[in-house]
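Visitor: Pasting a structure here, questions to come.
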Amino acid sequence: MEKLNVPPENHVKVLGGQGWVGLIDHMGTETTFVNAARVSFGKLKKEMDERDIQLTEYLIANKHTSPLEHMVFTFSIHCPLFVRGQWHRHRTWSYNEISRRYTDFDIEFYTPPKLRRQAKSNRQASFADENFEDEALRKEIEKHHAESFKLYERLLENGVCREQARGVLPQNMMVTFWGTVDLSNLLHFLELRDSEHAQWEIREYAVAIKKLIKPLIPNVAEYFRKQGQDW
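Heads up, the sequence shown is in the numbering used here, so the first residue is 179 and it goes up one at a time.
Here it is as structure tokens:
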């Protein structure tokens, strides 16, 4: 039996290699949602042609997105807890996650490759400062991770249950979960999370997801590329 917190074969690494997102499975193709859009005509097509590409662009441009819900993706995501918290705000996804109530192995922590400064005009934003001397602070973060983990182990050694001991582990702890979503809601996720307004860490995952799904939805990707988006 394989471990869940090992990346699948088809994956992209992010966060300097500490995190990753992998495509576990998918259902349907671009032809699937084109057929769904034309289901009232009672005909099925097996391959996309120019009219189907035009229909795809029309559906997206005019937000007639219910046919896109017939194409579904399942991802495996390895990310810090705080990224998981942002991700779970997208409630159209279905989630299942490794639980520290049942496991106490392979615990690791995320140390940012570069610390950012707080934006003065926006409490939700940050910005990169090339002159920010952060090496000593990053070492303090790593020290905090180590001390938290030692306390966690000491609690377990003294008989404290895992469901309580896990409470001392920091927000930078890496977690692994599965997420399943239809194409329509995935495109909405990517619109919000591959944005200059999104936190850098979760944006890394959105960019990686685009790389994973682009071969499966080339005409959808091309539509957004023509709109000036990075795909």
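All C-beta atoms in this analysis are idealised placements derived from N, C-alpha and C, irrespective of residue type, glycine included.
Quantities reported herein were computed from a predicted structural model and do not represent experimental measurements.
In terms of residues, what are the limits of the alpha helix (DSSP H) holding residue 396?
Guide: 396-404 is the span of the alpha helix (DSSP H), which, as asked, contains residue 396.
Visitor: Residue 337 to residue 398, Cα distance in whole Å?
Guide: Whole-angstrom Cα-Cα distance: 54 angstroms.
Visitor: Please confirm whether residue 199 and residue 270 have their CB atoms less than 9 angstroms apart.
Guide: Result no, Cβ atoms of residue 199 and residue 270 do not sit closer than 9 angstroms.
Visitor: Over what stretch of residues does the alpha helix (DSSP H) that includes residue 263 continue unbroken?
Guide: Note, residue 263: alpha helix (DSSP H), 259-265.
Visitor: Could you give the DSSP three-state label for residue 179: helix, strand or coil?
Guide: Confidence at residue 179 is low in this model, with a pLDDT of 48, below 50, so its placement is unreliable and no value can be given for it.
Visitor: Give me the Cβ distance between residue 350 and residue 291, rounded to the nearest whole Å; I'm assuming they're in contact under 8 angstroms.
Guide: That pair is no contact at about 13 angstroms.
Visitor: State buried or exposed for residue 375, treating a residue as buried only when at least 16 other CB atoms are found within 10 Å of its CB.
Guide: Exposed, since its Cβ has fewer than 16 Cβ neighbours within 10 Å.
Visitor: Tell me the rounded alpha-carbon separation between residue 256 and residue 315.
Guide: Using only the alpha carbons, I get a separation of about 24 angstroms.
Visitor: Within 10 angstroms of its Cβ, does residue 245 collect 16 or more other Cβ (buried), or is it exposed?
Guide: Buried: at least 16 other Cβ atoms inside 10 Å.
Visitor: Helix, strand or coil, according to DSSP, for residue 200 in the structure here?
Guide: It is a strand residue.
Visitor: Should residue 310 and residue 293 be called a contact, given that it needs their Cβ atoms to be closer than 9 angstroms?
Guide: It is a contact, given that the beta carbons lie within the stated cut-off.
Visitor: Within 10 angstroms of the Cβ of residue 242, are there 16 or more other Cβ atoms? Answer buried if so, exposed if not.
Guide: Per the 10 Å Cβ criterion, exposed.
Visitor: So, are the CB atoms of residue 275 and residue 356 less than 9 angstroms apart?
Guide: Yes, the Cβ-Cβ distance between residue 275 and residue 356 is below 9 angstroms.
Visitor: Taking 9 angstroms as the cut-off, decide whether the C-beta atoms of residue 390 and residue 253 are in contact.
Guide: Yes; because the gap between Cβ atoms is below 9 angstroms, this pair is in contact.
Visitor: How would you call residue 236, buried or exposed, if buried means at least 16 neighbouring beta carbons within 10 angstroms?
Guide: By the neighbour-count rule (16 or more Cβ atoms within 10 Å), residue 236 is not buried but exposed.
Visitor: Round the Cβ separation of residue 249 and residue 206 to the nearest angstrom and send it over; I've been treating them as touching at under 8 angstroms.
Guide: Right, the Cβ-Cβ distance comes to about 4 angstroms (below 8 angstroms), so this counts as a contact.
Visitor: With a CB to CB cut of under 7 angstroms and the five nearest residues on each side skipped, what residues in its chain are close to residue 215?
Guide: Cβ neighbours of residue 215 beyond the five flanking positions: 233, 237, 245.
Visitor: Please report the distance separating the alpha-carbon of residue 285 from that of residue 353.
Guide: The straight-line gap from Cα to Cα measures roughly 8 angstroms.
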